[in-house]
Each structure stands twice: as C-alpha cells, then as structure tokens.
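For the sequence shown, the positions run 2 to 423 when the working numbering is used. Remarks on the structure that follows.
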Amino acid sequence: MNWDVIVVGGGLAGLTSAAYLGRAGKRVLLLERAENLGGRGTSRNHEGFDFSSGLHALYGGGAAAEVLGDLGVEISAAPAPIAGALISLEGSTHAMPVGFVTLMASDLLGFAEKVEAAKVLYEIDRAPIDSVPELPLSVYLAAIAPTRRVREVVAAILRTVTYSRSARLVSARVAVRQMRRASRDGVRYLHGGWAGLTAGLARAALHAGVDVRVAQNVERVVHDGRVRGVVVSGQRVACDKVVLAVGPRAAESLTGEDLGADSLVPMRASCLDVALTSLPVPRHRFVVGVDEPFFFNVQSEVARLAPEGAALASVVEYLEPAEHGDRGRLEAVFDRLQPGWRQTAVRAQFLRSITVMGAHPTPGTGRGVTTHVPGLFVCGDWITSGVGEILSDAALGSGREAAHHAVEDSGHEREPARARVA
Ligand SMILES: Cc1cc2nc3c(=O)[nH]c(=O)nc-3n(C[C@H](O)[C@H](O)[C@H](O)COP(=O)(O)OP(=O)(O)OC[C@H]3O[C@@H](n4cnc5c(N)ncnc54)[C@H](O)[C@@H]3O)c2cc1C
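Put into structure tokens, the structure is as follows:
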C-alpha cells in the first residue's frame, strides 16, 4: 500500500498531526518506536500514584487549547490553585506576590521595592503584547525592573511559567504572554497525569482513520528530491509525504539533511517526583525558588494523582544548557520544605536531565514546519518559528501546522523555513 502520509513519532505532536491529516481524508500511517504512545507527554501508574515525565501543567489560551477543541478532545483536569503560593529566598518562605494584595502583604520586599514590583507586574499583565519587545527576557527585565531583588522575584515567577533557567535565551514577549495565559486563561493539572492528553489525541487519530503502530523504529526517510517512503526494520514502506514528529537531531539523522539542529538550544530540567503516604507539611505545596532555580509542587492536592490521603510531590530544577541535574540538590529541597518526607515516601522517580522543550524560544532564532525536501515536514516542541508557541502548545500547534502544509503541498520546490540566528 502507498500511504499518503507517514507520521514518524507518536508523541503529542505526531498524534496531533496524524489526527488532522486523517480528518483531511488522507491515508495516514503513524509509526512510534516505543512500546507506548506519548513520548514525554505521558504518565504511568505505580501503586495508585500517577507519575508523568516530571511536573506538567496544561496552559489555556494557546494552540493546545485550540487543537483540543478542534479535535473534540476532552481533558479531565483541575485548575491549579494559586492561593497560598510561596516564594523561597535564602532558606525561608514568603507569600508569592501574585497580585496587589499579596504584594503589599508580603514581607519579601521593602516599601520602595513593592512600589516598583507593582509597576512591573502591572506592565507584564497589561501592556499591549506587541509593545513587549522581541528581545531576550533578561534585557527586558533589566529595563523594567532596575532593583535587583524585584528583578529576581519577577524572573523566578517567569521561569516557572516558561520552564527556562536562561532568561537570555527566552523571548520577553513569549514569557509575558505565557504569564498572562497563566493568570487569565488558567493552568490545569490533569487527573491521572499526562497519559490523559496522549489518550485523547490517540483516540482522535484513530477516529480519523489513522493506522497507529507502536514498537516501530523508523531507520531512514527515503528521498531523492522528493519523499518516497521510510525504512522500518530494513523494510521500505512507500508514501508520498512524511511528517517527522521527532526531535531535531533524530530528524537530521533520519533524513541526512541539515534541519538547523545545531542552532537550537534545548530547554532542560531535572525532576524528582515522590509518592508519599502523607504530606508532612501541607502548607508547602506550591513553592518557587528565587535564589535557587527550583519549583516545588504537590499537584495531587487538586488533581487525582494519588490514593486518598496520600500525595504526589514534585520538585523540578531548571538547568542551564550545559548543566546536569543532581538528585542530592532536589532531595535537599524536600528536606527543607517537607521535613520527615523520607519516612512517608513509598516510591520516587528521578529524571536527571530531561529535555522539556526541544529549543529555547530565543528572539531571532527558530524553525518552521517546512523543509527544503518537497513532501517532508517537521513538527514538535522545537518548532518555535511561525507557530510562536512553547512547550506542549508548540508540539500541538506545530503538529496542526505540519498537517496543514502536508495537505496543501503540491510537491513543487519551495523556500524552506530554515533555522536562523539574528
Ligand atoms: C519535565 C517536563 C515538564 C514539562 N512541563 C510542561 C508543562 O508544564 N506544560 C507544557 O505545556 N509542556 C510541558 N512539557 C513539554 C511537553 O511534555 C512536550 O512539549 C511534549 O510532550 C513534546 O511532544 P513532542 O511530540 O514534540 O515530542 P516527544 O514527546 O519527544 O515525542 C517524540 C516521539 O518520537 C518517537 N521517535 C523518536 N525517534 C523515532 C523513530 N526513529 N521512529 C519512530 N518513533 C520515533 C519518540 O519515541 C517519541 O515518542 C514538559 C516536558 C518535560 C520533560
């Protein structure tokens, strides 16, 4: 059989792309090399605790919400509670200044710093988004928050919503937009973890007639000026078009093409998720580090992720590009915020250094879904150009966009959307 489109990779991007292609009437084969679908967007249940691949939250107001609505995927989730959120600085915790009242009540800043912080938070919340410069977040923060303490507190909050340690690698506009989505459109924690998102997208793909196969490692994309097929376990499978929904390095090695991977800087983190029979300090369930780049969160307080009375607590450390995680540092955060946790811990998952997003949304860089090989498209959370999204919004948004391009593609040569550096 000659497939219209083969989608390589069954993560969130690949499933999205396949579902749209199937709905457009294409004969679609999706090949995933792992035994299960979902890639980084999944979760596994161990003795009643749902572990995702580290701490995950679904933001409203972006491409993911649009795609889920389009495809009729319903997500079972609870809103993230912001009341009681804390900031950790120099070993002690303080109320997080999320609004005027919490800012004025906080003992974190002096009066003049509070006035400055109020202006900065107002600017981030209210300035027309087009007036926020397409500059690195570090440059923008230095301009709007001259006082170091204020800047550090605001940077820590923005780090939590963008997942990036490196403010110099993140677009200020992207960070501000993500912050607004958190405050206006809401953030949700999924009941049962991120497997629910994968399952919903997989159902949409199957419903659209996509042939979904797991444990299929694609070895190569065959192309000679246009796509001819893929090679799986030494066998060639013919198709007219390919959507590669794998990471940038994998996409380059499957095609032998330069897809700009060298110019992309992945966003990485280290995560420790711990299943606890009880939470030693219930007050400490949402804590953002200012002088240490961590975020501690107990999502099971609102989402169904743990048996009754038990808790699933997580800490994530945002990493610099060349840095590696360290379990001891994450355990030290638990020791400080949840003393006695070791006595109630029944299982732990440590991810030393996981790619959160395939590329930083750095101003002047980015890659789109088309390539210079006719019939070959790419998608995934490393596609930041054109789609203009981050994290799972980039995965679902680029999956949709790659599908649209593949449907429209006439097979003629076109200018590729290449990675570029300012
Ligand atoms: C710790 C952590 C926290 C996160 N938090 C959030 C959050 O709070 N909010 C949010 O929106 N996003 C979050 N994300 C990001 C989100 O999980 C990802 O953006 C999304 O899952 C990426 O999906 P993807 O399809 O692009 O890539 P992947 O999930 O990496 O999927 C790629 C798939 O391709 C398959 N594959 C690779 N090579 C081949 C081959 N040769 N043949 C066949 N298959 C192949 C892989 O097995 C994999 O299944 C987080 C990620 C992490 C790791």
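C-beta: ideal position from N, C-alpha, C; glycine also. In this text, all values refer to a predicted model and were calculated from it rather than measured experimentally.
Simplified DSSP state of residue i, which is helix, strand or coil
| i | result |
| --- | --- |
| Leu385 | Rather than Leu, the amino acid found at residue 385 in this sequence is Thr. Three-state result, Thr385: coil. |
| Pro417 | Note that Pro417 scores a pLDDT of 47, beneath 50, so its modelled location is shaky; the value from the coordinates is reported in the next line. Correct three-state label for Pro417: coil. |
| Gly23 | helix |
| Thr371 | strand |
| Val247 | coil |
| His95 | strand |
| Thr356 | strand |
| Glu63 | For clarity, residue 63 is Gly in the given sequence; the question names Glu instead. Gly63: coil per DSSP, three-state reduction. |
| Gly398 | helix |
| Val347 | strand |
| His325 | coil |
| Arg174 | helix |
| Ile435 | No statement about residue 435 is possible, as the shown extent of the chain runs from 2 to 423 and does not include it. |
| Arg169 | helix |
| Asp51 | strand |
| Thr161 | helix |
| Ala423 | Confidence at Ala423 is low in this model, with a pLDDT of 28, below 50, so the placement of that residue is unreliable and no value is reported for it. |
| Val74 | coil |
| Ala156 | helix |
| Val228 | strand |
| Ala311 | coil |
| Leu426 | Nothing in the structure corresponds to residue 426, since the chain is present only between 2 and 423. |
| Val1 | Since the first residue of the chain shown is 2 and the last is 423, residue 1 is not available in this structure. |
| Gln339 | coil |
Residue i CB to nearest heavy atom of ligand 1 below 8 Å
| i | result |
| --- | --- |
| Glu424 | Nothing in the structure corresponds to residue 424, since the chain is present only between 2 and 423. |
| Val247 | yes |
| Thr356 | yes |
| Gln217 | yes |
| His325 | no |
| Trp195 | yes |
| Val303 | no |
| Val9 | yes |
| Trp342 | no |
| Val211 | no |
| Val379 | no |
| Asp241 | no |
| Glu220 | yes |
| Ala314 | no |
| Ser184 | no |
| Arg58 | This sequence places Ala at residue 58; Arg is not what is there. Flag set: Cβ of Ala58 near ligand 1. |
| Asp394 | yes |
| Arg178 | no |
| Tyr164 | yes |
| Arg41 | yes |
| Val317 | yes |
| Leu265 | no |
| Trp4 | no |
| Asp51 | no |
According to DSSP, residues forming a beta bridge with residue i
| i | result |
| --- | --- |
| Gly39 | Gly12 |
| Glu318 | Ser271 and Phe295 |
| Lys242 | Val6 |
| Leu32 | Val9 and Arg214 |
| Gln236 | Val233 |
| Gly290 | Ser89 |
| Ser453 | Any property of residue 453 remains undetermined from this structure, which presents the chain solely from 2 to 423. |
| Leu377 | Val243 |
| Leu277 | Ala312 and Ala346 |
| Ala79 | Tyr190 |
Assigned exposure category for residue i - 16 Cβ within 10 Å defines buried
| i | result |
| --- | --- |
| Thr278 | exposed |
| His285 | buried |
| Ala418 | Residue placement at Ala418 is flagged as unreliable, the pLDDT there being 47, under the threshold of 50; a coordinate-derived value is accordingly withheld. |
| Val316 | buried |
| Glu302 | buried |
| Tyr21 | buried |
| Phe455 | Since the first and last residues shown for the chain are 2 and 423, residue 455 lies out of range. |
| Glu416 | In this prediction, Glu416 scores a pLDDT of 49, lower than 50, which makes its location untrustworthy; no coordinate-derived value is stated. |
| Gln236 | exposed |
| Asn46 | exposed |
| Tyr164 | buried |
| Gln344 | exposed |
| Asn3 | exposed |
| Gly11 | buried |
| Pro147 | exposed |
| His208 | exposed |
| Asp292 | exposed |
Minimum Cβ-Cβ distance from residue i to chain C less than 9 Å
| i | result |
| --- | --- |
| Gly248 | Any reference to chain C falls outside this structure, which holds one protein chain only. |
Completely contained alpha helix (DSSP H) runs for the region 177 to 225, where each covers 4 or more residues
Entirely contained in the region 177 to 225, the alpha helix (DSSP H) runs reaching 4 residues are, in chain order, 196 to 208.
Contiguous alpha helix (DSSP H) assignments of at least 4 residues, all confined to the region 123 to 150
Complete alpha helix (DSSP H) runs here, min 4: 138 to 145.
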